[in-house]
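Asker: First, the structure itself, so that you have it in front of you.
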Amino acid sequence: MEVLITGGSGALGQSLRKIFRNSFCPTHAEMDLTEANLVDKTILSHKPDVVIHAGALVGIRECEENKKNAWTTNVEGTQNIVNALKKIDNNCYLMYISTACVFAGEDKKFYTEDDIPNPKNYYSLTKLCGEIVVRQYHNTCIIRTNFAPKGQWKYPKAFTDRFGTYLFADNVANGIRDVWKKRKTGIVHIVGNKRISMYEMALLAGSKNVGKMTLKEYKGPPLTVDMSLSTKVWKKYKIR
Ligand SMILES: NC(=O)c1ccc[n+]([C@@H]2O[C@H](COP(=O)([O-])OP(=O)(O)OC[C@H]3O[C@@H](n4cnc5c(N)ncnc54)[C@H](OP(=O)(O)O)[C@@H]3O)[C@@H](O)[C@H]2O)c1
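Just so you know, we're using numbering that gives the first Met the number 0 here: the sequence shown kicks off at 0 and counts up by one.
Given below as structure tokens:
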């Protein structure tokens with residue numbers, strides 16, 4: 000069985016590669032999502048049975064400042080994958096990795112798969128548009144999640160007043176494997192069993208000297224304040 004992973008060099012992609020050991024993970028240059036011809040050529044020659052589409056432009060500021068790049072990568076890139084899968088017509092199972100940030104997170108928490116998205120920034124909007132694109136393909140699972148890598152937090156400070164049901168990337172990859180085994184379609188939230196702040200998450204990740212900050216100190220694109228997810232269709236995972 001051939002598993003093709005996009006974004007294989009990224010934070011989640013590296014965790015996925017440990018689980019799907021024989022997967023084919025084309026590099027950005029080998030299969031630039033924005034190049035329809037390259038996507039077609041790669042997918043038509045490999046005829047994967049499973050595609051885990053984790054490749055995306057994920058920086059919130061970067062997407063806000065370069066909307067064209069965000070749109071072509073996250074929306075048109077996803078469309079290129081769907082178009083190629085329709086051409087091979089082999090009932091390939093498509094897993095699209097989306098985000099808890101499709102929700103507004105203002106006066107609600109623990110969003111379930113049935114709740115209505117309302118993205119706050121351009122990154123989240125492109126991820127939601129990607130969800131709509133993959134719905135054109137019959138054998139699709141949309142995974143919404145929220146994770147951080149283990150180790151030093153990538154910023155000097157972390158929010159004490161932004162929350163999520165975070166997991167580490169390895170936990171999410173395990174969850175993706177579980178969902179893949181059941182070949183679930185529709186929307187599945189892969190969530191942690193505890194709602195914690197980003198600061199608490201940074202400490203759990205092993206950051207020794209991360210500082211605290213609040214949203215009052217933040218300047219930048221609007222953010223989803225509460226990214227906590229719940230699930231009506233799947234289990235919750237313990238963060239470890
Ligand atoms: N990080 C989070 O907290 C989080 C939360 C929820 C959901 N997600 C979703 O999870 C997925 C993985 O996120 P991540 O944090 O692992 O991201 P990441 O570390 O930034 O990795 C992104 C990956 O996408 C690739 N990529 C970017 N543009 C591409 C293009 N035009 N063509 C081909 N590949 C391209 C990158 O390759 P290069 O580095 O070579 O460009 C990289 O391998 C994304 O879909 C993201 O939206 C992330």
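For every residue, glycine included, the Cβ atom is placed at its ideal position computed from N, Cα and C.
Is T144 close to ligand 1? I mean its beta-carbon at under 7 Å from any heavy atom of the ligand.
Answerer: The count along the sequence shown starts at 1 and reaches residue 144 at position 145. Because some heavy atom of ligand 1 lies under 7 Å away, the Cβ of T144 counts as near it: yes.
Asker: Alpha carbons only, please: which of R16, T164, T159 is nearest the one belonging to K215?
Answerer: Taking the sequence shown and counting its residues from 1, the one referred to as residue 215 is at position 216. Selected option, being the one with the closest Cα: T159.
Asker: Just to confirm my understanding: we take A172, look at its own chain, exclude 5 residues before and 5 after, and list those with CB closer than 8 Å. What are they?
Answerer: In the sequence shown, the residue the question calls residue 172 occupies position 173. If we look at A172 and ignore the five residues flanking it on each side, its Cβ neighbours are L11, S14, L15, K17, I18.
Asker: Taking the alpha carbon of A157 as the point to measure from, which residue in L166, P25, I59, T213 has its own alpha carbon closest?
Answerer: Numbered from 1 along the sequence shown, position 158 holds the residue referred to as residue 157. Considering only alpha carbons, the answer is T213.
Asker: May I have the straight-line CA-CA distance separating K149 from S8, to the nearest angstrom?
Answerer: Sequence index remark: in the sequence shown, residue 149 carries index 150 (1-based). Sequence index remark: in the sequence shown, residue 8 carries index 9 (1-based). If you take the alpha carbons of K149 and S8, they lie about 16 Å apart.
Asker: Since C62 and Y122 are thought to touch, with beta carbons under 8 Å apart, how far apart are those beta carbons, to the nearest angstrom?
Answerer: Locating residue 62 in the sequence shown gives position 63, where the first residue counts as 1. Locating residue 122 in the sequence shown gives position 123, where the first residue counts as 1. The Cβ separation is near 4 Å, so the contact holds.
Asker: Report the residue from G76, M94, E75 whose alpha carbon sits nearest the alpha carbon of P47.
Answerer: Position 48 of the sequence shown, counted from the start, is the residue given in the question as residue 47. Ranking the options by Cα distance to P47, first place goes to M94.
Asker: Leaving out five residues on either side along the sequence, give the residues of the same chain with a beta carbon under 6 Å from the beta carbon of V224.
Answerer: Here residue 224 refers to the residue found at position 225 when the sequence shown is read from its first residue. These residues qualify, in order along the chain: G104, R161.
Asker: Is the beta carbon of H188 closer than 8 Å to that of E112?
Answerer: Your numbering for residue 112 matches position 113 in the sequence shown. Your numbering for residue 188 matches position 189 in the sequence shown. Taking 8 Å as the Cβ cut-off, E112 and H188 qualify as a contacting pair.
Asker: Considering only DSSP beta bridges, list what F158 is partnered with.
Answerer: Residue numbering aside, residue 158 sits at position 159 when the sequence shown is read from its first letter. According to DSSP, F158 bridges with M212.
Asker: Would you kindly report the start and end of the unbroken beta strand (DSSP E) that includes T139?
Answerer: Counting from 1 along the sequence shown, the entry for residue 139 is found at position 140. 139–144 is the extent of the beta strand (DSSP E) around T139.
Asker: Report back the beta-carbon spacing between K86 and D39 to the nearest angstrom; my notes put them in contact at under 8 Å.
Answerer: Taking the sequence shown and counting its residues from 1, the one referred to as residue 86 is at position 87. Taking the sequence shown and counting its residues from 1, the one referred to as residue 39 is at position 40. Their Cβ separation, rounded to whole angstroms, is 7 Å, which keeps K86 and D39 in contact under 8 Å.
Asker: Please list, in chain order, all residues of the same chain as K231 whose beta carbon is under 6 Å from its beta carbon, the five residues on each side excluded.
Answerer: If you number the sequence shown from 1, residue 231 lands on position 232. The residues are T111, E112.
Asker: Rounded C-beta distance between Y165 and I238? I'm assuming under 8 Å.
Answerer: For this step, residue 165 is matched to residue 166 along the sequence shown. For this step, residue 238 is matched to residue 239 along the sequence shown. The pair is a contact, with the Cβ atoms about 7 Å apart (cut-off 8 Å).
Asker: Is it the case that the CB of D169 approaches a heavy atom of ligand 1 more closely than 7 Å?
Answerer: Translated into the one-based positions of the sequence shown, residue 169 becomes position 170. No, the Cβ of D169 stays beyond 7 Å of every heavy atom of ligand 1.
Asker: Using alpha carbons as the reference points, say which of C100, T41, K67 lies closest to L228.
Answerer: Residue numbering aside, residue 228 sits at position 229 when the sequence shown is read from its first letter. L228 has its Cα closest to that of C100, out of C100, T41, K67.
Asker: In the DSSP output, which residue or residues are listed as bridge partners for M226?
Answerer: Taking the sequence shown and counting its residues from 1, the one referred to as residue 226 is at position 227. Note: M226 sits in a beta bridge opposite G163.
Asker: Would the beta-carbon of I141 fall within 8 Å of that of E130?
Answerer: Stepping through the sequence shown from its first residue, residue 141 is reached at position 142. Stepping through the sequence shown from its first residue, residue 130 is reached at position 131. Closer than 8 Å, so yes.
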